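For reference, the structure discussed in these notes is given below.
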Amino acid sequence: MTTGLDSSLNPESQDPYELLGLDQGASFDEVQKARDEKLKEVGEDPQARARIEASFDRVLMASLKQRQQGNLSTAAENASKKEEVIANNSSLTTGVNSLFSRFGAKGATKSSTGFINLVPSFALVEGQGLLVRFVFGLIAFALLLVTNSASVDLILPLCLLGTLISQIKRGRPVVSSLGWSVVSLSIGLMLGSILYKVCISQYGEQLIFTHDQIQAIPAVLILWLASLFID
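For what it's worth, my numbering labels the leading residue of the sequence shown as 2, then goes sequentially.
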């Protein structure tokens with residue numbers, strides 16, 4: 002190996018060994034040391050640093066190729082083996098990062114544990130989304146109060162679908178969003194049944210709303226709140 006990193010070496014050389022100041026067959030430690038010293042020598046020059054890094058890669062790849070052909074010294078073979086390990090680790094890291102990037106930062110955070118997926122966080126939606134949800138909620142209530150019982154069976158599924166879409170748009174996984182939407186609907190219907198019994202006990206048959214309408218009121222309200230707050 003050429004001792005030191007002689008500044009007289011041609012920086013534009015296409016020979017990676019010459020640029021790094023190395024002899025062919027240099028060990029991995031020698032190659033790495035030469036790379037580090039050259040980087041220190043050129044400072045923050047981006048072009049020079051890029052040439053040095055490229056030469057470092059070419060030297061190690063040449064060592065790997067020679068090992069595959071059986072024409073390699075023991076020292077160079079050790080260097081190529083270390084490079085192979087580095088390349089494998091780099092590929093694994095890249096694959097993991099690519100997998101997380103597909104789901105997005107927020108989705109990856111919420112999907113880190115099953116427990117986090119099951120337990121929702123609560124935060125009022127902001128911006129235009131708040132206005133859209135507020136308007137649709139008022140429309141749903143208005144339709145519920147003026148429509149007949151047959152239309153209630155259409156309004157509730159639409160409210161359920163709206164709540165599901167709202168949660169998905171805020172970054173919650175689809176399965177979790179569907180689960181909490183169904184839970185919200187179920188709780189609302191149970192409260193609606195209780196509300197109907199209370200109304201019957203207080204006013205008898207003189208109710209201005211039907212059984213289906215009264216039962217659907219808490220369900221629509223809870224689904225609306227879920228779309229506004231479940232994050």
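Using N, Cα and C, we set each Cβ at its ideal position, and we do this for glycine too.
The structure displayed is predicted, hence computed values, not measured ones.
Have a look at residue 209 and residue 147 and give me their C-alpha separation to the nearest angstrom.
Sequence index remark: in the sequence shown, residue 209 carries index 208 (1-based). Sequence index remark: in the sequence shown, residue 147 carries index 146 (1-based). When rounded, the distance between both Cα atoms is 11 Å.
Out of 28, 23, 185, 190, state which residue places its alpha-carbon closest to the alpha-carbon of residue 121.
Position 120 of the sequence shown, counted from the start, is the residue given in the question as residue 121. In terms of CA proximity to residue 121, 185 leads the group 28, 23, 185, 190.
Using the three-state DSSP reduction, which class does residue 53 fall into: helix, strand or coil?
Numbered from its first residue, the sequence shown carries residue 53 at position 52. Of the three classes helix, strand and coil, the one that applies to residue 53 here is helix, per DSSP.
What are the residues that DSSP puts in a beta bridge with residue 231?
Taking the sequence shown and counting its residues from 1, one reaches residue 231 at position 230. DSSP output for residue 231 lists 123 as bridge partner(s).
So the candidates are 193, 188, 231; which of them puts its Cα closest to the Cα of residue 166?
Within the sequence shown, the letter at position 165 stands for residue 166. Out of 193, 188, 231, 231 has the C-alpha closest to the C-alpha of residue 166.
Helix, strand or coil for residue 23? Go by DSSP, reduced to three states.
Along the sequence shown, one-based indexing puts residue 23 at 22. Here residue 23 sits in coil by DSSP.
Where the alpha helix (DSSP H) containing residue 196 begins and where it ends:
Reading the sequence shown from its first residue, position 195 is the one you call residue 196. Where residue 196 is concerned, the enclosing alpha helix (DSSP H) starts and stops at 175 to 204.
In terms of alpha-carbon separation, which member of 64, 144, 172 lies closest to residue 17?
Residue 17 sits at position 16 when you count from the first residue of the sequence shown. Among 64, 144, 172, the Cα nearest to that of residue 17 belongs to 64.
Simplified DSSP state of residue 169, which is helix, strand or coil:
Here residue 169 is taken as the residue at index 168 of the sequence shown, counted from 1. Three-state result, residue 169: helix.
CA-CA distance, residue 60 and residue 47?
Taking the first residue of the sequence shown as position 1, residue 60 is located at position 59. Taking the first residue of the sequence shown as position 1, residue 47 is located at position 46. For residue 60 and residue 47, the distance between alpha carbons rounds to 20 Å.
I'd like the list of long-range same chain contacts for residue 192, defined as Cβ closer than 6 Å, with 5 residues on each side in sequence excluded.
For the purposes of this step, residue 192 is taken as residue 191 along the sequence shown, with counting starting at 1. For residue 192, where only same-chain residues beyond five positions count, the Cβ hits under 6 Å are 219.
Proximity below 8 Å, CB of residue 217 to CB of residue 161
Locating residue 217 in the sequence shown gives position 216, where the first residue counts as 1. Locating residue 161 in the sequence shown gives position 160, where the first residue counts as 1. Contact annotation: residue 217 and residue 161 have beta-carbon atoms that are not nearer than 8 Å.
Can you list, in chain order, the residues of its chain with a C-beta nearer than 7 Å to that of residue 142? Leave out the 5 residues immediately preceding and following it.
In the sequence shown, residue 142 corresponds to position 141, counting from 1. Scanning its chain for C-beta atoms nearer than 7 Å, with the 5 sequence neighbours on each side dropped, one finds around residue 142 the residues 221, in chain order.
Pick out whichever of 58, 152, 164 has its Cα sitting closest to the Cα of residue 223.
The sequence position of residue 223 within the sequence shown is 222, counting from 1. Checking every option, the nearest Cα to that of residue 223 belongs to 164.
Where do the N-terminal and C-terminal ends of the alpha helix (DSSP H) with residue 33 fall, by residue?
Here residue 33 refers to the residue found at position 32 of the sequence shown. Counting along the chain, the alpha helix (DSSP H) containing residue 33 begins and ends at 29 to 43.
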